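Each remark here refers to the structure printed beneath this line.
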Amino acid sequence: MPALIAYLFGMAEHLTRGLEMYSHQALRIIRTVEHSVAWKRM
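Residue numbering for the sequence shown follows my numbering, beginning at 12 and increasing consecutively.
See the structure below:
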């Protein structure tokens, strides 16, 4: 049973880390798009 709990905690940590990386990348992509749109308006 403790092994299962440890496995679940490891999975949760892995998922949160993946989400953090994904959101960080998404923010960077959004910023890049905003910059290109601003450039086209000028």
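Even glycine gets a Cβ: it sits at the ideal position worked out from N, Cα and C. Keep in mind it's a predicted model, so treat the numbers as computed, not measured.
Suppose you measure from the CA of residue i to the CA of residue j; what does that come to, to the nearest Å?
i: residue 34; j: residue 25; result: 14 Å
i: residue 47; j: residue 36; result: 17 Å
i: residue 40; j: residue 12; result: 42 Å
i: residue 42; j: residue 49; result: 10 Å
i: residue 21; j: residue 28; result: 11 Å
i: residue 17; j: residue 32; result: 23 Å
Does DSSP classify residue i as helix, strand or coil?
i: residue 53; result: coil
i: residue 12; result: coil
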